[in-house]
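> Pasting a structure here, questions to come.
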Amino acid sequence: MAKVTKPNNLQVNELYHTKFVKLYDLTYDEGAHYFEASRRDAADVLADKGDDVLTTALPDAVSACLVVVTPNDEPRQVLFYEYRYPTGQYLLSIPSGLIDARDGGEDDPCAAAMIREIAEETGIVVGEGDRVTTISPFLFNTPGLTDESTALLCVVVHLDDLSPLSHAGAEGSERFGDFELLTAAEVRQILAQGRDPRGHFYPMVAWAAMTYFASGIWREGF
């Protein structure tokens, strides 16, 4: 395997700063610039870190393949439409959210954040008898543009019925539309078409979660 050579004179210059997104100019050679968006402060930008950080860092966010099991019905994946401002559309989405400082003190920060986000975005309270497992602890979303990352989890919840479903916990700029409670066969149909039931394209992380559910891997240990 060829040795990977990283720029040894990288400079990280902040161009724009808000609470949720920053813009950096990564100057890696004289006159050579690469621009990236990030959720991280300048001291934490991954471009300027070593392999030890890249294998131990917490992701920025969490996302879930959420499966509900109810009596006398086959398991269903919980998806919903969420307004995504950069696209100007409601896109088929999965429960997701940023990891907060309050999660850092938990034994499993990703699981703690995911359980909170599921309650806020779907009204479902994950109980002691339900299952929360990690599919992947750290995934880069679009590393050609940003170092933003997410952990992908699988959460299997047992409910008597679907009455708890609600978007009442939406916060800030969040806007949600209808729920889609889909069987594995229905999810496979969406994957085959490459479009949601409304005919729109959908995010890659939703594709990953749907693929995981449709494959049946989530049933391991169920």
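Residue numbers (my numbering): -13 to 208. We put the beta carbon where it would ideally sit given N, CA and C, even for glycine.
(1) Cutting at 7 Å between CB atoms, please list the residues of its own chain near Trp204, excluding the five before and the five after it.
(2) Could you tell me which uninterrupted beta strand (DSSP E) segments, each at least 3 residues in length, are contained entirely in the stretch 1 to 69, listed from first to last along the chain?
(3) On the DSSP bridge list, what partners appear for Asn127?
(4) Scan the stretch 165 to 201 and note each continuous alpha helix (DSSP H) run of 4 residues or more that stays entirely inside, going in chain order.
(5) Using only alpha-carbon positions, find the residue among Glu22, Phe124, Asp46 that is nearest to Tyr14.
(6) What's the C-alpha gap between Phe126 and Ser135?
(7) DSSP three-state label for Ile121, please.
(8) Hey, Gly109 and Gly155 are a contact pair by Cβ (cut 8 Å); roughly how many whole angstroms apart?
(9) Please classify Gly163: does DSSP put it in a helix, a strand, or coil?
(10) May I have the straight-line CA-CA distance separating Ala192 from Leu(-4), to the nearest angstrom?
(11) For Leu84, which option in Leu78, Ile104, Tyr67 has the closest C-alpha, if you only look at C-alpha atoms?
(12) Do the CB positions of Leu145 and Phe165 come within less than 8 Å of each other?
(13) Compute the distance between the beta-carbons of Leu65 and Ser49, then report whether it is under 8 Å.
(14) Does the ligand SAM have a heavy atom nearer than 7 Å to the CB of Ile85?
(15) Out of Arg26, Ala33, Ala28, state which residue places its alpha-carbon closest to the alpha-carbon of Gly130.
(16) Could you check which residue in Thr42, Glu0, Tyr67 has the C-alpha nearest to that of Glu107?
(17) With DSSP as the reference, label Thr132 as helix, strand or coil.
(18) Here's a check: name, in chain order, each residue in its chain whose Cβ is nearer than 6 Å to the Cβ of Asp153, leaving out the five neighbours to either side.
Straight from the coordinates:
(1) Within its own chain, the residues whose Cβ lies closer than 7 Å to the Cβ of Trp204, once the five positions on either side in sequence are excluded, are Cys51, Val53, Cys140, Val142, Tyr198, listed in chain order.
(2) Within the stretch 1 to 69, the complete beta strand (DSSP E) runs of at least 3 residues fall at 8 to 15, 18 to 24, 47 to 55.
(3) None; Asn127 has no bridge partner.
(4) Correct list: 170 to 179, 190 to 201.
(5) The shortest Cα separation from Tyr14 among Glu22, Phe124, Asp46 belongs to Glu22.
(6) The straight-line gap from Cα to Cα measures roughly 4 Å.
(7) In the displayed model, Ile121 falls within a strand according to three-state DSSP.
(8) About 7 Å; that satisfies the 8 Å criterion.
(9) Judged by DSSP in its simplified three-state form, Gly163 adopts strand.
(10) The alpha-carbon of Ala192 is positioned some 34 Å away from that of Leu(-4).
(11) Cα-wise, what sits closest to Leu84 is Ile104.
(12) No, they are not a contact pair.
(13) No, the Cβ-Cβ distance between Leu65 and Ser49 is not below 8 Å.
(14) This structure lacks the ligand SAM; in fact it carries no ligand of any kind.
(15) Closest option to Gly130, Cα to Cα, is Ala33.
(16) The shortest C-alpha separation from Glu107 is found at Tyr67.
(17) The three-state secondary structure of Thr132, taken from DSSP, is strand.
(18) The residue you asked about is not Asp; residue 153 is His in the sequence shown. Closer than 6 Å at Cβ, skipping near neighbours: Phe162.
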